[in-house]
Amino acid sequence: LAVRFLVPCPAGVSPQAWQLLSIFLSAIAGLVLQPLPVGAWAFLALTVCVATKTLTFAAAFKAFTNDVIWLIVLAFFFARGFVDTGLGDRVATYFVKLLGKSTLGLSYGLVLSEAVLAPAMPSTTARAGGVYLPIIKALAKQSGSEPGPTSGKLGSFLIQSQLQASAHSSALCMTAAAQNMLSLKLAAELGHALANPWVTWFKAACVPGVVALLLTPWVVFKLFPPEIQDTPEAPGLAAERLEKMGPMSAKEKSFVASMAVTVFLWICGDKFGVSSVMAAMLGLSLQLLLGVISWDDCLKEKAAWDTLTWFAVLVGMSSQLNQLGLIGALTNAVNGALATMNLGWPQVFVILHVCYFLIHYLFASQTAQVASLCTAFLAMMLAVGAPPMLCVLTMAFHTNLFGGITHYASGQSAAYFGAGFVDIGTYMRLGGIMGVFNFLVWAIVGGVWWKLIGLY
């Protein structure tokens, strides 16, 4: 309301764009403050857009046909399949059996298993709550580590190690997290779509992602050492658990086959004219036909339908702001201010990334920040002459790196904090340190690698 009625509409910005901006900012404020559930607040914002004739009904609902948003919805159904079939639990337990003789090895086993699952389980929150948190709680309990005075024995370390490493598992592959696909969609709307996106993404992310993934458990171990340093019983317990699971069930095998087809098409689909969302649709169709997941299961996945609603509203408004020229006007204004400072694109590029990182302390969702700010930040980087592919990819990578800086920074962080193993002060302190560590590893190692492969 303050923007709409108290701040005069700048020259070069249409009244329609200015009114839409006021509604958009109200929608973002609602995401942060949550006076209503996120989906409900987004629907109110959509209603206001149509009722005030700021947008037509067709324009307001256009994003509900956005292919990337539906890809994110399908990702929720895949994640449910991993949990319901028990395949995610089986993979994680197998890695514990292989590497779990020491506390640090146990952590590496869990971290590496998540990196293996991530490309085909595109929800960091689902991996956390559905697979890794139950395993970590069981391992901690077996070692006498429970929330409270004994949490420091083992549980608190495994929680923090898994949380912080999940940032790199999610950034390593395009299909490892919902926000990755949304970032690329927003970049495409600015005219910068990636050719062969899965391979292009992995090529750019593989070196900094693997380095960060290998360093993170060790860094957390040094910053937050567990009281128990050795876990000789963990491999045996994992072996017993695998024995109880028995051989892979028919559902697990069918799920593996369907996901193999899906991932293959995600990687090579361009050669066959199959888009990422079409590959996901084919994969889910196979699972429905084979009985791996039922349509009732899909209907019960409330988070998927809630995400469809609020994502589509925010993405739709963001897209309309761009079409109405507001993003361009904002970019020109910022560029004018930066021009007086005589800064080159590398300095502006770094400043904007630092700002994007710090702003996440105001957000309770990585995807919400992407939907709200990615377009504007990307446009500002491009306007000062930064290399387009470098901007597109680093903005997409970056959104994964601050998922553990606070207990509310992401769905997975809220899940791990809710387990009760780490007090809020320690959580915030470690989150801040590891957030900076993540940023620096990707900036330094990534910067060298991206120069070698010709991104700039």
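Under the working numbering, residues 3 to 458 are what the sequence shown spells out, in order. Just so you know, even glycine gets a beta-carbon here, dropped at the ideal spot from N, CA and C. Computed from a predicted model, the values in this text were never measured in an experiment.
- About 11 Å separates the CB atoms of Ala-62 and Ala-44; that is not less than 8 Å, and the two are not in contact.
- With a cutoff of 7 Å on beta-carbon distance, Thr-95 and Leu-244 are scored as near each other.
- When C-alpha distances from Ser-172 are compared across Asn-344, Ile-161, Phe-204, Lys-143, the shortest belongs to Phe-204.
- Collapsing the DSSP output to three states places Ser-125 in coil.
- Per DSSP, the beta-bridge partners of Asp-232 are Ser-104.
- Judged by DSSP in its simplified three-state form, Ile-25 adopts helix.
- Inclusion of Phe-379 and Tyr-363 in the CB contact set at 7 Å is not warranted, their separation being larger than that value.
- The beta carbons of Thr-408 and Gly-433 sit closer together than 7 Å.
- Going by C-alpha positions, Ile-74 is about 24 Å away from Leu-215.
- Residue ranges of uninterrupted beta strand (DSSP E) with 3 or more members are absent from the region 351 to 385; none lies entirely inside it.
- Asp-232 sits exposed, since fewer than 16 C-beta atoms from the chains shown fall within 10 Å of its C-beta.
- Ser-16 carries a coil assignment under DSSP once its states are collapsed to helix, strand and coil.
- About 6 Å separates the Cβ atoms of Ala-180 and Ser-125, confirming a contact at the 8 Å cut-off.
- Here DSSP, grouped into helix, strand and coil, assigns Met-343 to coil.
- Here Gly-90 is buried: its Cβ has 16 or more other Cβ atoms, across all protein chains shown, within 10 Å.
- Two segments are said to touch when three or more pairs of C-beta atoms, one from each, lie closer than 8 Å; by this definition the region 102 to 121 touches the region 148 to 167.
- Annotation for Tyr-458: no alpha helix (DSSP H) segment contains it, and DSSP assigns it neither H nor E.
- Contact annotation: the region 257 to 272 touches the region 280 to 292, with at least three C-beta pairs closer than 8 Å.
- In this structure, Phe-78 is the residue among Phe-78, Val-15, Leu-48 with its C-alpha nearest to the C-alpha of Lys-302.
- The C-alpha of Phe-423 lies about 32 Å from the C-alpha of Val-209.
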